[in-house]
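Structure first, commentary second.
Here is the structure:
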């Protein structure tokens, strides 16, 4: 089995992101009281699919060791990024997972998706990531590649808010 492409496995879990990578932190408020709906959408890959991401997974839910290959784009322009879930949490007020890059991914690093309950009704969605280019064309894209990552995190937040509104 292919190995993860970076040594700092699990760094998104506690939020202490390693030096030498681009960092991303995005946090968005979700509709009050939607914790269970949001948690299920994140762990069951529904969030990614609803956001238009093609997902190849070897399990119906995100758990440690599960392989997931998200595909962004359309048709022959779709870019696939093999990953493996390196940590998962399913606690009363905190649910989510982090996955790390495998060989063939256009970047090197880790990304986490977390739903957090803050008080009796407030719910937040957080995306945390650290990455650097693994392919020449990602390096050549420079700031544009980072802008796409940030836009993607915002898009996931809007998508999850929409899914929660329709609970």
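Numbering (our numbering), first residue to last: 351 to 517. C-beta atoms are modelled at their ideal positions from N, C-alpha and C, and glycine is treated no differently.
**Message:** By the three-class DSSP mapping on this structure, what secondary structure does residue 419 have?
**Reply:** strand
**Request:** Return the Cβ separation of residue 501 and residue 457 in integer angstroms, given the expectation that the two are a contact with Cβ distance under 8 Å.
**Result:** The Cβ separation is near 15 Å, so there is no contact.
**Request:** Spell out the partners DSSP gives residue 377 in its beta bridges.
**Result:** 476
**Start-end ranges of the beta strand (DSSP E) lying completely within the segment 448-516, minimum 3 residues** = Runs found: 457-468 and 472-483.
**Request:** Identify, in the order they occur along the chain, each residue of the same chain with its Cβ nearer than 7 Å to the Cβ of residue 385, setting aside the five sequence neighbours on each side.
**Result:** Cβ within range, chain order: 465, 467 and 473.
**Prompt:** Any idea if residue 506 is buried or exposed, counting beta-carbon neighbours within 10 angstroms, 16 or more meaning buried?
**Reply:** buried
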